[in-house]
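K.L.:
One structure is given below, represented as structure tokens, and several questions about it will come after.
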Ligand SMILES: Cc1cc2nc3c(=O)[nH]c(=O)nc-3n(C[C@H](O)[C@H](O)[C@H](O)COP(=O)(O)OP(=O)(O)OC[C@H]3O[C@@H](n4cnc5c(N)ncnc54)[C@H](O)[C@@H]3O)c2cc1C
Ligand code: SF4
Ligand code: SF4
Ligand code: FES
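Residue numbers (my numbering), protein chains in the order written: chain A, -7 to 243; chain B, 5 to 603.
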């Protein structure tokens, strides 16, 4: 079976969609089609990929308007006779074809204060129960595909990259804040550097996450609550001023 | 003169997987100014894909475990061809390296008493693999990545490919490569270089490896004059996906068997009971009943034979295929649905569940998976000193999959992630010490830089020529068919002849497009390394007239006593010549040799 792929070709200055015919085989994913075009028709078609199994988060693109991993998008779900349209993520500047400049994300990550563990127990180990780590393990599943960053309207439509770190990094901050061993205080950083207040809980990020992380419900909302507690509860506020530590009950 | 950008660093680390990141952290801690380069974005190296776990004798689940047992398992798994000193250091230091990850924020699955949980894996006598479901590599790389970006004086250069190492006066002085984004050239002046570039699997047609695995590190080290070792030993993982075509080769973690998964043939027989090698007989169950009791936690029962080492399981699947008992698409059935309940499977193997559901329309909590061997890992690589990770070229260090010796003829699952941590750290220490001891620095040779730049541009400047993807496909066919899982003299000779015949065509590839983010051009530049490694693998495989570990010879199906005492070392002799030299194994001290009495 032959399928038409309509693929964005261009760079930061200009671009257009080019149609390519590919041979469709059983189980084929969109990334296979891109590779077929590269090997047989246009060797300079640029894309990123590594694992081809949804584990590395390299191959993000917009397929028929939906942000997805190309390696996990089966071609047969689109078999309606129309061309399959593949374009790069919209929230980031295009480098070439399907490759975008995501370096901003790496800069945001640097601002997040690193893990700071509490002292070990007397026997030299740290003890944590599985139920205590389930929550952070959910956040730590993130493969940094940046699909959530791509759909968040604060970044995509309003381009507030100077004020807002985006869902990915709120999840990252949550994974540290809710780590049972962590002692660092990131409340002000989350509010000020990551701009958590700009999120208005539309949950678009959660919808596209290929790792099914409940970004908004489990990550962002609890962080917002912590910020409210820390800033508006006078007891907690005083505790933080004196000790420089977050309030005990929130850990 | 071609234009290039330049950087100066004490230590240049090439590769940002587990080994490279751990090396960079250590070198930075020791006061070095460090450059870290990688071909992909940070956090996308192969390490991120590792699933099953990291091996370390923490003894959290089984108190009988300790480094000596881990050491013995590793040596037996490698069929005694390992550099014993590396295997010893690895087993001794792995527990500390894993605990260190926890101190840096990694969150492993927990035991009931709140410690790091460990799971069973092939060839490990006791449950030994610290893990996070089936995404251990992700946890590890993210933890190391965060530690690295908060380390002092580490500059990360992403999407930058090193093409050549630069030497002067017989020692390392830097490296040259290109930015993938712009195609511009970049020269690093460095007092020491640590290679952490991973493996070679992309030269085979069916593989679990990504586009990055073109053997760059092994090849540039060889070109610069460093020795390679054990290149004939390639690991074919027994369980890759085989259907549909799109995912042929994609890995199915050994964790499936570690969690109780069983292998069956088309006759519904659990065939592994027939394939237990003599030296492992005392450790493996010989009836389904005993295997079941083991799974239920009976400490007196022996382990199921599905947990034999990878070489054994891969060969068994192949034999079943040859005997006409293969699964529908030519492999074996891997079934966990009959052994564990659905919720347990989803919790311990979430990404396998997802992978099969999305890509193969198979629900692993209800149906069996179809699996078959896939090229996975290379045991051989740059020959290094076990203590310092230095290669035979002064100033050049190597750690992780690119280095050889530690795993002998076959690697145990989980022993790679621990290897990255143990020897990544040692390479960082080794390089820092080397830099501190240096009295003079070598200078870069401008003429060499200029010729290299011209060489890199050539595929773009040729008026006509071949598509590099065609050459890659031909090479992959050759390696798969002639240098694959079951080898023999005729196939190997024919394969080598075909490689030699194909090689000159590399000098005639042409790519379209410009220098900016041009995958065709990148592919063209990767060819040289792919050919060097493929030739090395084939040549060593031809000389090793025995079957051992990952290397199986139909015409020499048994161990050869004499060959069991040597490694093949590959040296550069002349501009493009390879010389293979037999090198006796280092002799194990009596206290370690004691552990193998009766084998
Ligand atoms: C699917 C899969 C599952 C696995 N599961 C396990 C497991 O459960 N347990 C286990 O122990 N092992 C496992 N392994 C093996 C293990 O993951 C790898 O052996 C290991 O991660 C290799 O690490 P590394 O640091 O040596 O290299 P990598 O992590 O591969 O990193 C190599 C780095 O070098 C860079 N590089 C390469 N060439 C160049 C160049 N020319 N210029 C610049 N940079 C370059 C790459 O960009 C990359 O950053 C698995 C492997 C795969 C593929
Ligand atoms: S929930 Fe918040 S972070 Fe997520 S997409 Fe909406 S505004 Fe953005
Ligand atoms: S949170 Fe989900 S969508 Fe966002 S980067 Fe991580 S994996 Fe991707
Ligand atoms: S290639 Fe890794 S997620 Fe698609």
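Ideal placement from N, C-alpha and C gives every residue a C-beta, glycine not left out.
1. Give the range of the alpha helix (DSSP H) segment to which residue 510/B is assigned.
2. How long is the line joining the alpha carbons of residue 196/A and residue 33/B, rounded to whole angstroms?
3. Below 8 Å, can you find three or more Cβ-Cβ pairs linking the stretch 45 to 59 of chain A to the stretch 105 to 120 of chain A?
4. Measuring only from the beta carbon, is residue 432/B closer than 7 Å to any heavy atom that is part of ligand 4?
5. Let me check understanding here. Comparing Cα to Cα, which of 204/B, 353/B and 26/B lies closest to residue 537/B?
6. Mind checking who residue 2/A pairs with in its DSSP beta bridge?
7. For residue 522/B, which residues in the same chain have their Cβ closer than 7 Å to its Cβ, ignoring the five residues on either side in sequence?
8. Going by beta carbon distance, what residues of the same chain come within less than 7 Å of residue 89/B, once the five residues before and after it are set aside?
9. Look up residue 450/B in the DSSP assignment and say whether it is helix, strand or coil.
10. Around the C-beta of residue 579/B, are 16 or more other C-beta atoms found within 10 angstroms, so that it is buried, or is it exposed?
11. Counting only beta-carbon atoms, is residue 604/B nearer than 8 Å to chain A?
12. Helix or strand or just coil, what does DSSP make of residue 373/B?
13. Assuming the contact rule is C-beta atoms closer than 8 Å, residue 335/B and residue 321/B should be a hit. Round their C-beta distance to whole Å, please.
14. Using a Cβ-Cβ cutoff of less than 6 Å, which residues in the same chain neighbour residue 63/B once the five nearest sequence positions on both sides are dropped?
15. Hey, how far is the Cα of residue 308/B from the Cα of residue 2/A?
16. Between residue 312/B and residue 288/B, which are expected to be in contact by the criterion C-beta below 8 Å, what is the C-beta distance as a whole number of angstroms?
17. Do you know whose CA, among 224/B, 543/B and 569/B, lies nearest residue 486/B's CA?
18. Identify every residue that forms a DSSP beta bridge with residue -7/A.
19. Would you give the residue range spanned by the alpha helix (DSSP H) that residue 212/A belongs to?
20. Can you tell me whether residue 74/A is helix, strand or coil according to DSSP?
21. Using 8 Å as the threshold, is the C-beta distance between residue 10/A and residue 65/A below it?
22. Could you check the C-alpha separation between residue 220/B and residue 527/B for me, to the nearest Å?
23. Among 255/B, 115/B, 272/B and 84/B, which one has its Cα closest to the Cα of residue 372/B?
24. What does the Cβ neighbour count give for residue 5/B, buried or exposed, with the cut at 16 atoms within 10 Å?
25. Report all residues from its chain with a CB closer than 7 Å to the CB of residue 140/B; omit the five preceding and five following residues, and keep chain order.
26. Going by CA-CA distance only, name the one from 224/A, 47/A, 201/A and 32/A that's closest to residue 212/B.
27. Just to make sure I have the definition right: I need the residues of chain B whose C-beta is within less than 7 Å of the C-beta of residue 136/A. Which are they?
28. Indicate the three-state DSSP secondary structure (helix, strand or coil) for residue 224/A in the structure shown.
29. If you measure from the beta carbon of residue 102/A to each beta carbon in chain B, is any gap under 8 Å?
30. Using a Cβ cut-off of 7 Å, which residues of the stretch 173 to 188 of chain A contact any Cβ in chain B, in chain order?
31. Where does residue 1/B land, buried or exposed, given buried means 16+ other C-beta within 10 angstroms?
32. Using a Cβ-based criterion (distance less than 7 Å to any ligand heavy atom), does residue 169/A qualify as near ligand 5?
33. Go to residue 172/B, then tell me how far its alpha helix (DSSP H) extends in each direction, as first and last residue.
34. In chain B, which residues lie less than 9 Å from residue 122/A when you measure between Cβ atoms?
35. Using the Cα positions of residue -6/A and residue 30/A, report the straight-line distance between them to the nearest angstrom.
36. When burial is assigned at 16 or more other CB atoms within 10 Å of the CB, is residue 600/B buried or exposed?
P.N.:
Checking against the coordinates, here is how it stands:
1. Run containing residue 510/B: none; DSSP gives neither H nor E here.
2. When rounded, the distance between both Cα atoms is 41 Å.
3. Contact between the stretch 45 to 59 of chain A and the stretch 105 to 120 of chain A is absent, because fewer than three Cβ pairs lie under 8 Å.
4. Incorrect: residue 432/B has no Cβ contact closer than 7 Å to ligand 4.
5. Measuring from the Cα of residue 537/B, the nearest candidate turns out to be 204/B.
6. Paired residue(s): 7/A.
7. If the five residues before and after residue 522/B are omitted, its C-beta is found closer than 7 Å to the C-beta atoms of 187 and 515, all from its own chain and listed in chain order.
8. Excluding five sequence positions before and after residue 89/B, the CB atoms of its chain that fall closer than 7 Å to its own CB belong to 390 and 590, given in chain order.
9. Residue state, collapsed to three classes: helix.
10. It counts as exposed.
11. Residue 604/B is absent from the structure shown; chain B starts at 5 and stops at 603.
12. It is a strand residue.
13. About 6 Å separates the two Cβ atoms, so the contact holds.
14. Beyond the five residues adjoining it in sequence on each side, residue 63/B comes within less than 6 Å, by CB distance, of 69 in the same chain, given in chain order.
15. Approximately 55 Å, taken between the alpha carbons.
16. Right, the Cβ-Cβ distance comes to about 7 Å (below 8 Å), so this counts as a contact.
17. Nearest C-alpha to residue 486/B among 224/B, 543/B and 569/B: 543/B.
18. The partner list for residue -7/A (beta bridge, DSSP) is empty, contrary to what the question assumes.
19. No alpha helix (DSSP H) holds residue 212/A; DSSP gives it neither H nor E.
20. Reduced to three states, the DSSP call for residue 74/A is coil.
21. Their beta carbons are not under 8 Å apart, which means residue 10/A does not touch residue 65/A by this criterion.
22. Taking the straight line from one Cα to the other gives about 12 Å.
23. Looking at the Cα atoms, 272/B is the closest of the given residues.
24. Burial call: exposed.
25. Excluding residues within five positions, the ones whose Cβ falls inside 7 Å are 54, 55, 56, 57, 58 and 421.
26. Ranking 224/A, 47/A, 201/A and 32/A by Cα distance to residue 212/B puts 47/A first.
27. Proximity of chain B to residue 136/A at the Cβ level (cut-off 7 Å) is accounted for by 47, in chain order.
28. Residue state, collapsed to three classes: helix.
29. Yes - at least one Cβ of chain B is within 8 Å of the one on residue 102/A.
30. Within the stretch 173 to 188 of chain A, no residue qualifies.
31. No answer is possible for residue 1/B: it lies beyond the span of chain B, which begins at 5 and ends at 603.
32. Absence of ligand 5 is noted for the structure shown, with ligand 1, ligand 2, ligand 3 and ligand 4 being the only ligands found.
33. No alpha helix (DSSP H) holds residue 172/B; the beta strand (DSSP E) holding it covers 164 to 172.
34. Within 9 Å Cβ-Cβ: 113, 114, 115, 116, 118 and 121.
35. C-alpha separation (whole angstroms): 16 Å.
36. Exposed, since its Cβ has fewer than 16 Cβ neighbours within 10 Å.
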